[in-house]
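If you read the sequence shown in the working numbering, its first letter stands for residue 198, the second for the next number, and so on.
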Amino acid sequence: MIKYLNDLIQIANSQSKKKIVVAAAADLHVLEALKEAISLGIPEPILVGDKTQIKRISKSINLDLKNIEIIDEPDSIKASIKSVTIIREGKAAILMKGLVATGTLLKAVLDKEKGLQKGGLLSHVAFFETPYYHKILCLTDAAMNIKPNIDEKVAIVKNAVEACRKLGIEKPKVAILAAVETVNPKMEATLDAALLTQMNKRNQIKNCEIDGPLALDNIISKEAAEHKGIQSKVAGDADIILAPDINVGNVFYKSLNFMGGAVSAAVIMGARVPIILTSRSDSEKSKLMSIVLATAMKE
């Protein structure tokens, strides 16, 4: 069981160092987070972007560039393509977004001939450390897929399960979030939840234990689940929460961060390598922990 996000630092340090390529790296917040990560002895960065600006920003924050490779490419589109190429050539194991639009970077990632696709769906996977839960908690998808259908939800679950297993959580417990814990034909989220649960029981979704629909109180509190007569190995001990759509996922994500005292770390899964897309609104620790998260994942 991983209780704290800081536990990921030890996991990352127990593995060989991974190279992380940053597309359009002339970004103050990204370079600050990288500086902190380097101080922990975790990643080996490759910075692709405007070399002059990278050096200027690095000097302002006292980031030592002596042993860091810099590839000069001021154009953000070309920098994204070059960064993806570096991954494809096996020279780095993690991709990180710098000062470039998310759509521009993902266009390079999703290029059918020269990108990093592996045939599945990309999805956002976030891990939270909160004082109100007994271990880190994974939430998906809060940023990528707007209104996933059942096939897309299967893919999103599989991506989250893969992320957990890469951290050593061999059989994660997956809770399918809904407003209620009973199946209601008028509520699509509950129908999808029941279907995902049944697919798991029939081994169509492997390496995890799924239960749903479950309301949030039953997911977080074993006592609440027992009070409602819910018998479930997932209730009160979930590793992963699947949100029914991006509205619920995004509100839940931001509620935890801004009102729930949580710290988060997030990556995009479904490509050949983890992709770090930090947000301007993320705390400095969340940006750092996103780097730590990606480096802690087993290849």
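Glycine included, C-beta positions come from ideal geometry on N, C-alpha and C.
- A contact is defined here as three or more CB-CB pairs under 8 Å, and the stretch 411-426 fails this definition with respect to the stretch 274-294.
- Cβ neighbours of L296 within its own chain (closer than 8 Å, five residues either side excluded): A221, A222, A223, D224, V227, G246 and S273.
- According to the DSSP assignment, H321 belongs to the beta strand (DSSP E) that extends over S320 to E326.
- Sixteen is the threshold: when 16 or more other Cβ atoms of the shown chains lie within 10 Å of the Cβ of D408, as they do, the residue is buried.
- In this structure, DSSP gives S483 a helical state, which the three-state scheme calls helix.
- Within the stretch 386-446, the complete alpha helix (DSSP H) segments at least 4 residues long are 413-417 and 419-424, listed from N- to C-terminus.
- E326 counts as buried, since at least 16 other C-beta atoms from the protein chains shown sit within 10 angstroms of its C-beta.
- Taken atom to atom, the span from the alpha-carbon of P369 to that of K355 is near 11 Å.
- The criterion of a C-beta distance shorter than 9 Å is not satisfied by D442 and I283.
- Assignment of G458 by DSSP, reduced to helix, strand and coil, places it in the coil class.
- By the Cβ rule, the stretch 321-337 does not count as touching the stretch 250-259, because fewer than three pairs are nearer than 8 Å.
- Using a 10 angstroms sphere on the CB of I199, the tally of other CB atoms reaches 16 or more, which defines it as buried.
- Residues of the same chain with a CB within less than 6 Å of the CB of S487, apart from the 5 flanking positions on each side, are A462, A463, I473 and T475 in chain order.
- Taking every protein chain shown into account, the CB of M456 has fewer than 16 other CB atoms within 10 angstroms, so this residue is exposed.
- For L392, same chain residues with a beta-carbon under 7 Å away, outside a window of 5 residues either side, are I347 in chain order.
- Annotation: the continuous beta strand (DSSP E) that includes G246 extends over P240 to G246.
- With contacts defined by Cβ atoms closer than 9 Å, Y201 and I333 form a contacting pair.
- Excluding the 5 residues flanking it on each side, C361 has same chain C-beta neighbours closer than 7 Å at C335, P369, D436 and I437, in chain order.
- In terms of CA proximity to G300, I278 leads the group I278, R285 and G317.
- In the three-state DSSP reduction, L237 falls in the coil class, being neither helix nor strand.
- The Cβ atoms of V460 and S478 do not sit closer than 9 Å to each other.
- Put simply, the backbone Cα of I373 is about 14 Å away from that of N381.
- In the DSSP annotation of this structure, A372 is not part of any alpha helix (DSSP H); the continuous beta strand (DSSP E) holding it starts and ends at K370 to L374.
- N210 is not a Cβ neighbour of I235, given a cutoff of 9 Å.
- Under the three-state reduction of DSSP output, V218 falls in the strand class.
- A440 is positioned such that its CB atom lies closer than 9 Å to that of T337.
- Per DSSP, M384 has no beta-bridge partner at all.
- Setting aside the 5 residues that flank it on each side, S452 has no residue in the same chain whose C-beta is closer than 7 Å to its C-beta.
- Scanning its chain for C-beta atoms nearer than 8 Å, with the 5 sequence neighbours on each side dropped, one finds around T394 the residues I373, I407, D408 and G409, in chain order.
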